[in-house]
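Down below is the structure, laid out as structure tokens.
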Amino acid sequence: MPIAARWRRLEALPPPRGRDAMPGVYELADEAKRVIYIGQSAKDVPNRIRQHLAGRSGAPCIAERAAYWRYRYARVPQAEEAALLAAFKERFGALPLCNRAAPLQRGALRRYYERTRGS
Numbered sequence: 001m002p003i004a005a006r007w008r009r010l011e012a013l014p015p016p017r018g019r020d021a022m023p024g025v026y027e028l029a030d031e032a033k034r035v036i037y038i039g040q041s042a043k044d045v046p047n048r049i050r051q052h053l054a055g056r057s058g059a060p061c062i063a064e065r066a067a068y069w070r071y072r073y074a075r076v077p078q079a080e081e082a083a084l085l086a087a088f089k090e091r092f093g094a095l096p097l098c099n100r101a102a103p104l105q106r107g108a109l110r111r112y113y114e115r116t117r118g119s
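Numbering follows the UniProt record's numbering, in which position 36 of the sequence shown is assigned residue number 36; successive positions increment by one, without gaps.
Structural data, given as structure tokens:
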């Protein structure tokens, strides 16, 4: 269940100010448009992506490899992110390359499984 939106170059991120906030989930991809990271922002996806690119997220993998992004609005982005991560892992057998370096993402995935499977 990947995000159905088209890929956009990172240079096409909306401006940081003068627009409505964009909460939701997002995927980042490399030059070959392979998903390298799945994330979420409860406040504003473009600003969160900018934090990754500036190296303020603690995930240098993203700043080094990301070239494209796509986004989907989500009322509960944390749950949506966990579902995207679970679907990706089921399909490919592992989390996206840059999610592997972020233990909090795996924690979110575990919490999702606990809530949905009653464990």
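Glycine included, C-beta positions come from ideal geometry on N, C-alpha and C. Predicted model only: the values in this text are computed from it and were never measured.
Any beta carbon from chain C within less than 8 Å of residue i's own beta carbon?
{"i": "Ala32", "result": "Looking at the structure shown, chain C is missing, and only one protein chain is on hand."}
Let's test the definition: count the other Cβ atoms within 10 Å of the Cβ of residue i and tell me whether it reaches 16, buried, or not, exposed.
{"i": "Glu80", "result": "buried"}
{"i": "Tyr26", "result": "buried"}
{"i": "Ala87", "result": "exposed"}
{"i": "Gly39", "result": "buried"}
{"i": "Ser119", "result": "With a pLDDT of only 46 at Ser119, under 50, the local geometry of the prediction cannot be trusted, and the value read off the model is given with reservation. When all chains shown are included, Ser119 counts as exposed."}
{"i": "Tyr73", "result": "exposed"}
{"i": "Ala21", "result": "exposed"}
{"i": "Ala29", "result": "buried"}
{"i": "Ala54", "result": "exposed"}
{"i": "Ala94", "result": "exposed"}
When you compare the CB positions of residue i and residue j, do they come within less than 8 Å of one another, or not?
{"i": "Ala66", "j": "Leu10", "result": "yes"}
{"i": "Pro77", "j": "Val35", "result": "no"}
{"i": "Gly24", "j": "Val45", "result": "yes"}
{"i": "Tyr71", "j": "Ala5", "result": "yes"}
{"i": "Ile49", "j": "Cys98", "result": "no"}
{"i": "Pro15", "j": "Asn47", "result": "no"}
{"i": "Trp7", "j": "Lys43", "result": "no"}
At which residues does the alpha helix (DSSP H) containing residue i begin and terminate?
{"i": "Arg6", "result": "Where Arg6 is concerned, there is no enclosing alpha helix (DSSP H), given that its DSSP letter is neither H nor E."}
{"i": "Val45", "result": "Val45 to Leu53"}
{"i": "Arg65", "result": "Pro60 to Arg65"}
Please report the residue range of the beta strand (DSSP E) in which residue i lies.
{"i": "Glu27", "result": "Gly24 to Ala29"}
{"i": "Arg91", "result": "Where Arg91 is concerned, there is no enclosing beta strand (DSSP E), although the alpha helix (DSSP H) it sits in stretches over Pro77 to Phe92."}
{"i": "Arg70", "result": "Tyr68 to Tyr73"}
{"i": "Arg39", "result": "Residue identity differs from the one stated: residue 39 is Gly in this sequence, not Arg. Residues Val35 to Ser41."}
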